[in-house]
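One structure below.
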Amino acid sequence: MTRKAKIIYIILITTFFIAAGLSIYYYQKLQINNKEMEEAIASEVSLPTYHFALIGEEMNHEYWRLVGEGAKEMELEHDIFVEYEAPKRSNPDEQLKLVDIAIKSKVDGIIVQALNDHFTPMINKAVQEGIPVITVDTDSPESERNAYIGTDNYEAGRLAGEALVNDTNGQATVGIITGNLDNLHHQLRLQGFKDVVEKVEGIEIVATEESNITRVEAEETAYSVLMEHENITAFYGTSSYNGLGIVAAADSLKRQDDMYVITFDAIEENINLLENGDIDAIVEQQPFEMGKQSIQVLLDIIQGKEINDIYHTDTSIIRINDLSNMTERRMLAND
Ligand code: BGC
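Taking my numbering, the leading residue of the sequence shown gets 140, the next gets one more, and so forth.
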């Protein structure tokens, strides 16, 4: 072989090895890229195993936010996604539409506050399509829902009645501001209250009006009740914002001083009014616990475990003296 041929031969061999090396290098790189891409795509589409819809009464209401937070907390322990939905302002028709959308989206479970009779067929439709339903806060006992989780609303009304009788020494002329008398939970809270106070001679209920759970309506209604009944000495509010409305109305008429006020829910604004003496007692419910337990029961249903028909969460009366205990309890719970 001539020297020139040898050089050409060496160049060809070297070029061949370089080309082969580069091909192997780029082939491996491509494989790695493909694998990374596949992993990225897989992680994007790997959705939680169960998708639950929680449908409350009002989106930005502190009480409902707590129900939502309780349910959401369960996402940390289970492979689930909780979608918290509610109308902006209390609106049963809109709430029903949200249930319908959840059914059509084929969620794995629905948690809903069953505000009135119109919820019964919608709940039944979900159950008949194989979607378990939990009623929360307000039950629909006639429906085919799997379970109810929330306050025993009749008992809570009785507790409020007993507190009022005790704190007023059985002497009071009472105005009642309730949420909406179409709603079962408000009916029960009223009935429980009446069953207690109507047995006490010194107590008379002179007015029962609705606030539709808005602050403004609670204040307007309390104002007209106060104008109509000069002799009112006590108020009972059956939903979260009623106490705020009652206090504002009584304040503006300068009748707050001797007015006894008991209302539902330990939301922050009510606690502030309890602290400064404008509200005398609060019926405390456990919205966070309601949300949390609802998810647990849905998971139990899916896993074929036996469940109860009703799970009552705690209800208690808090007065100003209980506030330090309550703060301690909350701090312990957050630890
Ligand atoms: C009731 C809820 C209601 C909320 C509104 C609570 O006391 O349990 O049903 O949505 O008040 O103010």
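All residues carry an ideal CB built from backbone N, CA and C; glycine is no exception.
Please name the residue, chosen from the options, that lies closest to residue i on a Cα-to-Cα basis.
i: T274; options: R458, Y450 and I457; result: Y450
i: V251; options: T277, N415 and G384; result: T277
i: I344; options: R354, I418, V355 and Q330; result: Q330
i: Q424; options: Y293, A225 and I446; result: Y293
i: R284; options: D448, V246, P231 and E407; result: D448
i: D417; options: Y202, G382 and R354; result: G382
i: V339; options: S378, T347 and Q310; result: Q310
i: A295; options: N464, S455 and D461; result: S455
i: E348; options: T154, I152, S363 and N263; result: S363
i: D461; options: S244, I446 and D419; result: D419
i: D218; options: S185, G300 and E337; result: S185
i: N411; options: A286, A357 and S463; result: S463
i: T452; options: L320, M465, M429 and I459; result: M429
Taking CB distances under 8 Å as the criterion, tell me whether residue i reaches chain D.
i: T277; result: Note that chain D does not occur in the displayed structure, where there is just one protein chain.
Note down the Cα distance separating residue i from residue j, rounded to an integer number of angstroms.
i: M307; j: N255; result: According to the sequence provided, residue 307 is Thr. The question's Met does not apply to it. Near 34 Å, if we compare the C-alpha coordinates of N255 and T307.
i: I150; j: F156; result: 10 Å
i: T372; j: I316; result: 14 Å
i: H200; j: D239; result: 22 Å
i: G341; j: A210; result: 44 Å
i: A477; j: G318; result: This structure does not reach residue 477, given that the chain is present from 140 up to 474, and the question cannot be answered.
i: A265; j: V246; result: 10 Å
i: V313; j: F374; result: 5 Å
i: I385; j: A361; result: 5 Å
i: N322; j: M198; result: 18 Å
i: M213; j: D439; result: 13 Å
i: R520; j: Y148; result: Outside the displayed range of the chain (140 to 474) lies residue 520, so it cannot be described from this structure.
i: E408; j: G443; result: 42 Å
i: M366; j: D291; result: 33 Å
i: A225; j: I441; result: 24 Å
i: W203; j: E196; result: 7 Å
i: D397; j: N370; result: 11 Å
i: E208; j: Y166; result: 49 Å
i: A286; j: Q170; result: 52 Å
i: E268; j: S244; result: 12 Å
i: I459; j: N415; result: 9 Å
i: I163; j: K174; result: 17 Å
Are residue i and residue j closer than 8 Å when you measure CB to CB?
i: P187; j: F220; result: yes
i: L193; j: F427; result: no
i: H190; j: E216; result: no
i: I401; j: L413; result: no
i: Y399; j: L303; result: yes
i: G248; j: P271; result: yes
i: R297; j: F332; result: yes
i: I457; j: A405; result: yes
i: A346; j: H324; result: no
i: S379; j: F403; result: yes
i: S282; j: N305; result: no
i: I288; j: V436; result: yes
i: G300; j: V336; result: yes
Less than 7 Å between the CB of residue i and some heavy atom of the ligand MN, yes or no?
i: I352; result: With respect to the ligand MN, the structure shown offers nothing to examine, as its ligands consist of the ligand BGC.
Exercise for the section: Ignoring anything shorter than 3 residues or poking outside the region 381-452, list the beta strand (DSSP E) runs there in chain order. Expected result: Within the region 381-452, the runs of beta strand (DSSP E) that reach at least 3 residues and sit entirely inside it are, in chain order, 399-403, 420-423 and 449-451.
Problem - Inside the region 289-314 only - alpha helix (DSSP H) runs reaching at least 4 residues - result: Assignment of alpha helix (DSSP H) within the region 289-314, counting only whole runs of 4 or more residues, yields 292-306 in chain order.
Problem - Inside the region 237-297 only - alpha helix (DSSP H) runs reaching at least 4 residues - result: Runs found: 258-267.
Problem - beta strand (DSSP E) segments (min. 3 residues) lying fully within the region 198-243 - result: Taking only runs of at least 3 residues, the beta strand (DSSP E) segments lying wholly in the region 198-243 are 219-224.
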